[in-house]
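S.K.: The letter at position 113 of the sequence shown is residue 153 when you use our numbering, and the numbering goes up by one with no holes.
No residue lacks a Cβ here, since even glycine has one placed at the ideal position from N, Cα and C.
Quick one: the structure is below, and I'll ask about it shortly.
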Amino acid sequence: MSRVALRPGLRLPALGLAAVVLGSALSSCSAVQSEEAQGTPAKPSPVALDAAEAPDDLAIGVVVSLTGEGSDWSEPAEGAQVATYRYGLGERAVVLRPVDDKGTTKGATAAVGKLLDQGVSGIVMATEGDHVRAAVTRAATAGVPVLLPYETDAVGLPDGAWLTGPDRGQVVSALAKALAASGLGRPVVVDAGGGEPKGIDALTTYRFRGGSDALRTAARIAKSTRSSARVDSVVVTGPAAQQAIVVQALQGENVQVPVLLTPAALSPVFATTLVERDGTLAGSLTTVGPDAADVAAMAPGAEGQALSAYFAALRATAGDDGVEDFFDAQPFSTVSDTADTRSHDAVIALVTAAARAQSAAPEDVAQALDGLTVTRADGLAGPELDFSTPSALADKAVIALQSSTQSPGLRPETAAPQPQLFWFTAPTD
C-alpha cells in the first residue's frame with residue numbers, strides 16, 4: 041500500500057536552478073519532488089497573458105485584512121499584482137483596487153461598499169473568517185462576483201460567490217487520508233482556534249487559545265506519546281500564528297510524533313512566528329492544499345510550465361520599480377517573497393470570465409463565471425477551477441504537502457528576507 045511519508049527531519053535533496061528571467065526557459069538543472077522521483081524542470085509557458093477579448097475598463101477589487109481576522113493572507117494577496125502585470129505585458133490593462141477591511145465585519149462591509157462605488161467588475165476577497173460573510177452577501181446581492189482564495193467555509197455562500205482554495209471538507213478529507221496512508225490511527229487534535237476537524241477520529245482534543253499555556257498542552261501530549269494509548273500523531277487547527285505557537289511548544293517538549301497542520305500554515309505568518317518564538321523550521325511538518333508553489337514549478341509537464349511562468353512573472357514584477365505593494369508605497373520586491381499563486385489565480389478567473397462575457401459589467405462577469413472552467417491554458421498557475429459549484433477547486437487537487445527550508449531559488453532576493461518554509465507533495469513509498 042502507498043504510504044505518505046511523514047518522517048521527522050526529511051529534507052529536500054539539493055536543487056540546482058538557473059536564474060529565471062522574463063521569457064527564458066529553465067535549463068541545466070535538476071528537480072526533485074520526492075526522495076524517489078526526479079524530473080527535468082519544465083520550460084515555462086509565455087509569461088505575458090493575452091486577454092484580447094477582455095474589456096478595456098476592467099477593474100478588480102482586492103479586499104485584504106492588514107490586522108485582525110484574516111491577516112494571515114495580507115502578503116500572499118500581493119500575488120494578484122503578478123496577474124495584472126502579466127496582462128499588462130500582453131497589452132491589456134487590468135486595474136486592481138485594494139482595500140483594507142481591518143479584519144472586522146464593519147470594515148469588510150465598508151470595504152465592499154467602497155468597491156461597489158468604484159464600479160469594480162469583481163472582487164477577490166483575499167482574507168478569511170466570520171467577518172467576511174456580510175460583505176460577501178452585500179457584493180453578491182449587488183450582482184458583483186466574489187472569489188475567496190483563502191476562506192474554507194463554503195456553507196451558505198450566496199450565488200455569485202465561490203471558494204477557489206480548499207474548503208473545510210476537502211481539508212479534513214486530505215488530512216484523514218494522510219494519516220491513514222501512513223498508518224497513523226491514534227492522533228490527538230490541538231484546537232488552536234480552528235475548531236475540531238469533523239472526520240478525524242481523535243483520541244482527545246486539547247483546546248488552546250492565546251492566553252493558554254501551550255507548553256502545558258505540549259507536555260500532556262508528550263506524556264501521552266509514551267503512555268499505553270501511544271498517541272502517534274498531532275493535528276493542529278487554527279490561524280497561522282496560533283499553530284506556530286503550538287508547534288514551538290511541541291518542539292520544546294521534544295514531541296517526536298508527526299505533526300499535521302491545517303492550511304493556515306501555508307501563510308508566511310506561520311514560519312515567521314515559529315522563528316520569533318525560537319522554534320525551528322528544520323523539522324518535517326505536513327499540511328494539505330494544492331501543490332502550487334515553488335517546488336512544484338520544477339515538475340515536468342503543464343503543471344511545471346504554468347508555475348515556471350508565474351515565477352518568471354514574479355521576478356519581472358519585482359524588477360519593475362514602478363510596481364509598489366498595495367498600501368505602503370514600497371517596491372513590490374519587498375513582498376515578492378510571500379506573494380502566492382492563489383490570489384494570482386483568482387484574478388485570472390475573473391479576467392477570463394470578463395473576456396468570455398466581453399463586458400466589464402459585474403452582472404455579466406458573474407453570469408459568465410457561473411459554470412465556467414478556468415485552466416492553466418487561461419493563465420492559471422495552480423489547478424483548474426470549476427465554477428459549477430461553490431467550491432471551485434477539485435477534491436483531487438487537495439493533497440498532503442510536506443515542509444522544507446530549502447529554497448528552489450525561484451523568488452527574487454529581498455533586502456530583508458523573512459523566514460520561509462517551502463511546501464511540496466508529500467513523498468510516497
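Does DSSP put residue 465 in a helix, a strand or coil?
M.R.: strand
S.K.: What first and last residue would you give for the beta strand (DSSP E) that runs through residue 227?
M.R.: Taken as a continuous stretch (DSSP letters only), the beta strand (DSSP E) holding residue 227 covers 227–231.
S.K.: Less than 7 Å separating the beta-carbons of residue 167 and residue 122?
M.R.: no
S.K.: Look at residue 295 and residue 325 and say whether their C-beta atoms are less than 7 Å apart.
M.R.: no
S.K.: What does DSSP give as the partner residue(s) for residue 165 in the beta ladder?
M.R.: 103
S.K.: Across the region 166–180 and the region 103–118, are there enough close Cβ pairs to call them in contact, namely three or more that are closer than 8 Å?
M.R.: yes
S.K.: Rounding to the nearest angstrom, what Cα-Cα distance links residue 380 and residue 414 in this structure?
M.R.: Near 18 Å, if we compare the C-alpha coordinates of residue 414 and residue 380.
S.K.: Quick one, which of 116, 87, 149 and 142 has its alpha-carbon nearest residue 128's?
M.R.: 87
S.K.: On the premise that residue 232 lies in contact with residue 291, defined as a C-beta separation below 8 Å, what is that separation, rounded to the nearest angstrom?
M.R.: Residue 232 and residue 291 do not touch by the CB rule: their CB atoms are close to 15 Å apart, not below 8 Å.
S.K.: Which partner residues does residue 273 have in the DSSP bridge list?
M.R.: 227
S.K.: So, does the region 301–314 touch the region 261–269, judging by three or more C-beta pairs under 8 Å?
M.R.: Per the Cβ contact rule, the region 301–314 is not in contact with the region 261–269 (fewer than 3 Cβ pairs under 8 Å).
S.K.: Over what stretch of residues does the beta strand (DSSP E) that includes residue 326 continue unbroken?
M.R.: For residue 326, the enclosing beta strand (DSSP E) starts and ends at 326–329.
S.K.: Whole-angstrom Cβ separation of residue 433 and residue 204, contact assumed at under 8 Å?
M.R.: 6 Å
S.K.: Helix, strand or coil, according to DSSP, for residue 399 in the structure here?
M.R.: coil
S.K.: First and last residue of the alpha helix (DSSP H) that includes residue 348?
M.R.: From DSSP, the alpha helix (DSSP H) with residue 348 extends over 341–358.
S.K.: Could you give the uninterrupted runs of the alpha helix (DSSP H) lying entirely in the region 242–311, keeping only those of 4 residues or more?
M.R.: 254–265 and 280–292
S.K.: Ignore the nearest five residues each way along the sequence and tell me which others in residue 426's own chain have a CB closer than 6 Å to its CB.
M.R.: 413 and 432
S.K.: Let me make sure I understand the geometry here. Which of 162, 330, 190 and 201 has the alpha-carbon closest to that of residue 174?
M.R.: With respect to the C-alpha of residue 174, the residue from 162, 330, 190 and 201 having the closest C-alpha is 201.
S.K.: Please classify residue 118: does DSSP put it in a helix, a strand, or coil?
M.R.: In the three-state DSSP reduction, residue 118 falls in the helix class (H, G or I).
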